[in-house]
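Colleague:
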Amino acid sequence: MSTVNDPKTKLTYDDYVLIPNDGNRHEIIDGCHYMNPAPHPNHQTASRFIQHQLMNQIEIPGLGQVFNAPCDVQLSDYDVVQPDLVIVLKTTDIVIETRIRGVPDLVVEVLSPSTRKYDQEVKKQLYLKHQIPEYWIVDSKSRTVERNVLNKHGEFVATVCSKTISCEHIDARVDLEFVWNRLS
């Protein structure tokens, strides 16, 4: 995880689209450019099996869409991220041709050694700032998921799950033991 630009210069979405595709994940948070290396195999495995379960319960029945990285989520002119998984319900009209523009219903980040602090602190604060209703932080190393749900006061309330996890505002549940059993 590294910051690329001079923090005195705030980058926008227009700057973001000019970043060359170099195989790394690029994001802009509060105008600062962050670059992440490619994720590890266990990261991808956890993400894929969570996505599979969510797709079966959300996308297949036509309740919404489940997107996986790299998919740009533009939360503001100065905040563009590529979460591991993004869920947008049909009732939310934020999917446009080139990106998701607005607040998704659920965001899932899978921790990697290089993104652990970034996902747990920087992105958590970003998602809280933009009032994303639910944010999951998947830790395949400890085999837990921190489920952050926005309460009526605009704060995240966190619970830790290890066997199953349910969405607060979406009728979907993920069997985490199924996911953990597929990791190396």
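Each residue of the sequence shown is one higher than the one before, counting from 7 in our numbering.
Cβ coordinates follow ideal geometry from the N, Cα and C atoms, glycine included.
Being a predicted model, the structure only gives us computed values, none of them experimental.
1) Taking Val144 and Leu60 to be in contact with their CB atoms under 8 angstroms, please state how far apart those CB atoms are, rounded to whole angstroms.
2) Measure the Cβ-Cβ separation of Gln71 and Asp78 and say whether it is below 8 angstroms.
3) I'd like the list of long-range same chain contacts for Ala44, defined as Cβ closer than 8 angstroms, with 5 residues on each side in sequence excluded.
4) Looking at C-beta atoms only, is the number of pairs between the segment 38 to 55 and the segment 173 to 189 that lie closer than 8 angstroms three or more?
5) Tell whether a beta-carbon distance below 8 angstroms holds between Leu132 and Ile35.
6) Tell me whether Val163 sits in a helix, a strand or coil according to DSSP, three-state version.
7) Looking only at C-alpha atoms, which of Thr98, Arg105 and Arg122 sits nearest to Pro139?
8) Just to confirm before moving on: does the CB-CB distance between Phe162 and Leu134 stay below 8 angstroms?
9) In the DSSP output, what is Ile171 paired with across the bridge?
10) Give the DSSP-derived three-state secondary structure of Asn62 in the structure shown.
Modeller: The structure says:
1) As a working mapping, residue 144 is identified with position 138 in the sequence shown. As a working mapping, residue 60 is identified with position 54 in the sequence shown. Rounded, the Cβ-Cβ distance is 12 angstroms, inconsistent with contact.
2) Here residue 71 is taken as the residue at index 65 of the sequence shown, counted from 1. Here residue 78 is taken as the residue at index 72 of the sequence shown, counted from 1. No, Cβ-Cβ distance for Gln71 and Asp78 is not below 8 angstroms.
3) For this step, residue 44 is matched to residue 38 along the sequence shown. Excluding positions up to five away in sequence, the list reads Gly29, Asn30 and Arg31.
4) Taking 8 angstroms as the limit for Cβ pairs, the verdict is that the segment 173 to 189 does touch the segment 38 to 55.
5) As a position in the sequence shown, residue 132 is number 126, starting the count at 1. As a position in the sequence shown, residue 35 is number 29, starting the count at 1. In this structure, Ile35 lies closer than 8 angstroms to Leu132 by Cβ.
6) Stepping through the sequence shown from its first residue, residue 163 is reached at position 157. DSSP places Val163 in strand when its eight states are reduced to three.
7) Locating residue 139 in the sequence shown gives position 133, where the first residue counts as 1. For the residues Thr98, Arg105 and Arg122, the minimum Cα distance to Pro139 belongs to Thr98.
8) On the sequence shown, position 156 is the one that residue 162 refers to. On the sequence shown, position 128 is the one that residue 134 refers to. Yes, the pair counts as a contact, with Cβ atoms nearer than the cut-off.
9) Walking along the sequence shown from the start, residue 171 turns up at place 165. Beta-bridge pairing links Ile171 to Val180.
10) Here residue 62 refers to the residue found at position 56 of the sequence shown. In the structure shown, the three-state DSSP call for Asn62 is helix.
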